Structure formats: C-alpha cells, structure tokens
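In my numbering, the protein residues as written are 300 to 539.
Just so you know, even glycine gets a beta-carbon here, dropped at the ideal spot from N, CA and C.
All figures in this text were calculated on a predicted structure; none of them were measured in a lab.
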C-alpha cells in the first residue's frame with residue numbers, strides 16, 4: 300500500500316469539509332475520487348499534499364500514511380522533495396509570462412540530479428509532443444488543452460512517482476480530453492501511480508482501476524471502477 304488515508308476529518312475555518320474518510324492507493328494504480336461539486340475531492344488532494352498553506356485545510360482527526368509513514372506534519376516542499384508526491388492543481392496555475400520550458404524548469408528547481416532532470420524533460424516532450432514544439436513560446440498564448448499538458452508536465456518535472464491530478468480534462472474539447480487520458484494511461488503503464496479527480500465520471504471510471512465516491516465529505520461507495528460504472532445508483536447520480 301502506497302498511500303493510506305485513515306479516518307480523516309478536515310476543516311476550512313469552522314466548516315467541516317471531510318467527515319472521517321478512509322481510502323488507499325496501491326503502487327501502480329490509478330484511483331479516482333468522484334462526486335459532485337463541494338463533495339470534498341479537492342480538499343482531499345490539498346490535505347495529502349499539504350497545500351495551499353497557511354489558509355488551507357486543517358486536519359483535526361485521522362492520519363495520512365505514505366509508505367507506512369505519517370505525512371501529516373510534513374511541510375509542503377518536503378512532500379515533493381522527500382516523498383516524490385506532486386499535484387497538478389485544478390485551474391492549471393501555470394506562469395503565463397514564462398515560456399513552456401521555463402515553466403517546466405520551475406518544476407525541477409529543487410532537484411539535485413541533472414541527469415534525471417534531463418530524462419524528465421525528454422519524457423515530458425515525448426508524452427506531450429506539442430510542448431516540445433512550443434518550448435520557447437509564452438505559456439499564456441497556449442490553448443487550454445496545451446496549458447493542461449504543461450501543468451501535468453510541470454508536475455512530472457518534480458521527479459515524482461505519485462501524481463495527484465485535479466480535473467485534468469476541465470475545459471478541454473472531447474478529442475483533447477481523450478488524448479489527455481490516453482497519455483495518463485501511458486504514464487501509468489510506465490510505473491506512475493495516479494490519484495485522480497475528474498468531472499467526467501464516465502471517463503474517470505473507464506481509465507481507473509478503483510474508485511471511491513465522495514458525497515458531502517463522506518465516502519459512500521467504493522470498488523473496482525468498472526463495477527461502479529455499472530452500478531445503477533452511480534449511473535443515475537454521476538454518469539447521466
């Protein structure tokens with residue numbers, strides 16, 4: 300077991316966002332969290348990665364274990380540097396005044412392995428050929444799909460082996476959406492573990508190995524993704 304979230308209760312100010320959720324992610328899996336807006340999905344990812352401080356989520360009960368070690372007290376930069384966990388956030392948050400390559404370089408700024416950084420540049424450009432074509436282009440001029448590629452690529456440049464993705468298909472045309480998920484599947488086949496939040500539940504359940512359903516801060520259903528996709532309750536509530 301790579302990641303284990305145990306009986307996690309989280310607040311934003313006086314608002315209790317998570318009410319004792321428990322789930323796990325095994326090494327090499329794609330696991331998806333699905334649910335409606337406000338269910339607590341993004342809060343979960345922010346709590347695992349310890350961002351955004353200091354106004355971010357506050358845990359008042361439970362634990363998060365990574366490779367069997369609690370990471371609740373770990374600072375955000377060490378989540379990336381020491382534990383090799385990276386977040387590609389909702390909304391992309393790229394630096395529009397910087398080029399594609401400069402954005403990618405920021406992802407690798409804390410690394411001390413130049414050979415590994417060089418290999419990860421090659422990997423990003425292989426996974427996302429458009430990034431290679433536009434490496435010297437200011438990122439604010441990229442399309443929405445290209446900006447999403449850049450956000451994922453920047454996370455990969457941290458040298459992570461576990462990536463958390465928050466709505467990677469948001470705002471993408473259907474063709475680009477499927478291209479993104481095929482790329483994520485390839486990344487997983489290369490050994491990357493993925494925890495995914497995705498507004499398109501049909502797509503998420505198609506690509507994931509396992510899934511958890513969040514509803515107003517509680518996990519109400521879990522199981523193999525394919526089985527949940529066939530569940531009438533899930534189909535009615537989330538698959539349209």
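Residue 329 is positioned such that its CB atom lies no closer than 8 Å to that of residue 450.
8 Å or more divides the Cβ of residue 338 from the Cβ of residue 465.
Ranking 483, 488, 490 by CA distance to the CA of residue 497 puts 483 first. The continuous beta strand (DSSP E) containing residue 461 extends over residues 461 to 465. Residue ranges of uninterrupted alpha helix (DSSP H) with 4 or more members, entirely inside the segment 390 to 466 and ordered along the chain, are 399 to 406, 413 to 426, 428 to 432, 443 to 455.
Unbroken alpha helix (DSSP H) stretches of 4 residues or longer found wholly inside the segment 494 to 523: 500 to 506, given in chain order. The beta carbons of residue 350 and residue 316 sit about 15 Å from each other, so the pair does not count as a contact at 8 Å. Beta-carbon to beta-carbon, residue 372 and residue 319 are separated by about 20 Å, too far to satisfy the 8 Å threshold. The beta-bridge partner set that DSSP reports for residue 357 consists of 310. When secondary structure is reduced to three states using DSSP, residue 319 falls in the strand class.
Annotated as distal: residue 403 and residue 485, with beta-carbon spacing of 8 Å or more. The residues 380, in chain order, have a CB closer than 6 Å to that of residue 409 in the same chain once the five nearest residues on each side in sequence are set aside. Distances from the CA of residue 382 to each of 458, 437, 503 were compared; the closest alpha carbon is that of 458. For residue 375, the enclosing alpha helix (DSSP H) has its first and last residue at 375 to 380.
Collapsing the DSSP output to three states places residue 472 in coil. Ranking 440, 469, 341 by CA distance to the CA of residue 463 puts 341 first. The straight-line gap separating the alpha-carbon atoms of residue 509 and residue 523 is approximately 4 Å.
Residue 326 counts as exposed, since fewer than 16 other C-beta atoms from the protein chains shown sit within 10 angstroms of its C-beta.
Boundaries of the beta strand (DSSP E) harbouring residue 330: 329 to 333, taken from the DSSP string.
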